[in-house]
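Down below is the structure, laid out as structure tokens.
Numbering (this note's numbering), first residue to last: 657 to 956.
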């Protein structure tokens with residue numbers, strides 16, 4: 657069924673199809689389908705806000721929450737699956753806050769070895785450990801006045817959780833190898849794909865730190881629950897991929913329909929990589945046959 661752009665057109669189509677079907681049940685079914693299309697625009701109308709692409713009801717709820725929470729300085733915990741765009745939400749919170757124009761720094765707590773994470777966040781003095789050839793301020797000092805995004809906070813070691821809690825309570829940091837503290841004014845936005853409540857119960861995450869970080873929670877929906885957004889994202893991402901491969905690429909309706917049928921366990925990141933791969937093989941337009949066999953239910 658093709659998209660319909662106005663209420664009058666939708667009603668006219670509904671009446672015509674109901675007459676043809678001659679069934680009240682068919683009338684109700686068609687009305688549900690048409691109103692779903694109206695509520696979730698595919699290629700027209702609003703496609704997103706704050707640099708985030710999406711028009712589905714779950715994403716609109718996220719946009720509304722960003723708008724309400726961003727102007728304050730409260731800590732925000734973003735919960736969502738890997739690849740769902742948690743850092744983009746954190747950046748949106750920063751850009752919509754009074755701290756816009758000040759530094760935004762991000763650190764993935766799962767990507768830094770535990771013995772180096774303290775130095776990355778709090779800084780160090782020259783000679784405090786092997787390889788410390790100069791003083792380093794650390795993210796808290798570098799982001800002073802701005803926002804610090806701590807991704808995958810659930811992977812932070814317990815010892816570091818205690819040190820982070822102290823910094824958040826006192827509003828000051830002490831570099832590794834120093835006995836002096838520095839006052840900092842930093843808004844914390846944290847993110848995780850883990851169940852921190854369950855981790856608190858098993859001792860894997862400090863409950864006091866959880867309550868300090870979790871003033872407001874933003875639940876970022878997985879792509880499979882964002883009805884209609886795959887199409888919007890695909891069209892947007894194809895444009896960015898074009899610059900990478902050095903030639904113009906479009907995407908066919910058949911390819912878009914195939915993309916909408918996939919469950920996207922890797923979320924937006926998986927979709928982006930799939931389109932990047934397909935664009936390499938496409939001859940001007942990404943077609944269904946250019947997509948990975950696994951998406952089409954074919955042997956790889």
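C-beta: ideal position from N, C-alpha, C; glycine also. Computed from a predicted model, the values in this text were never measured in an experiment.
- [ ] Compute the beta-carbon to beta-carbon distance between residue 943 and residue 912, rounded to the nearest angstrom, for a pair I have assumed lies under 8 Å.
- [x] Here the question's residue 943 lines up with position 287 in the chain shown. Here the question's residue 912 lines up with position 256 in the chain shown. The pair is not a contact, with the Cβ atoms about 10 Å apart (cut-off 8 Å).
Task: Backbone CA spacing between residue 850 and residue 921 [nearest angstrom] - done: One-based indexing of the chain shown puts residue 850 at position 194. One-based indexing of the chain shown puts residue 921 at position 265. About 15 Å.
Open item on the list: For residue 929, report the span of its alpha helix (DSSP H) as first-last.
Closed with: Locating residue 929 in the chain shown gives position 273, counting from the first residue. 923-937 is the span of the alpha helix (DSSP H), which, as asked, contains residue 929.
Task: alpha helix (DSSP H) segment containing residue 858, residue limits - done: Looking up residue 858 in the chain shown gives position 202. It spans 852-858 - the alpha helix (DSSP H) in which residue 858 sits, taken as one unbroken run.
- [ ] Please classify residue 849: does DSSP put it in a helix, a strand, or coil?
- [x] Indexing the chain shown from 1 puts residue 849 at position 193. Residue 849 falls in the coil class under three-state DSSP.
Open item on the list: Within the continuous alpha helix (DSSP H) that includes residue 901, where are the two ends?
Closed with: Here residue 901 corresponds to residue number 245 of the chain shown, with the count starting at 1. Its alpha helix (DSSP H) spans residues 885-901.
TODO: Starting from residue 952, follow the beta strand (DSSP E) in both directions and report where the run begins and ends.
DONE: Counting from one through the chain shown, the residue named residue 952 turns up at place 296. It is not in any beta strand (DSSP E) - residue 952 carries neither H nor E in the DSSP assignment.
Open item on the list: Using a Cβ distance threshold of 8 Å, determine whether the stretch 861-870 contacts the stretch 827-837, with at least three qualifying pairs required.
Closed with: no
Open item on the list: As an exercise, report each continuous alpha helix (DSSP H) stretch of at least 4 residues that is fully enclosed by the stretch 753-792, in chain order.
Closed with: 770-778
Task: First through last residue of the alpha helix (DSSP H) which encompasses residue 796 - done: To locate residue 796, count along the chain shown from 1; it is residue 140. Counting along the chain, the alpha helix (DSSP H) containing residue 796 begins and ends at 795-798.
Task: Sufficient close CB pairs (3 or more, under 8 Å) joining the stretch 712-723 to the stretch 799-817 - done: no
Task: Rounded straight-line distance, which links the Cα of residue 890 to that of residue 735 - done: Residue 735 sits at position 79 when you count from the first residue of the chain shown. Residue 890 sits at position 234 when you count from the first residue of the chain shown. Approximately 23 Å between the Cα atoms of the pair.
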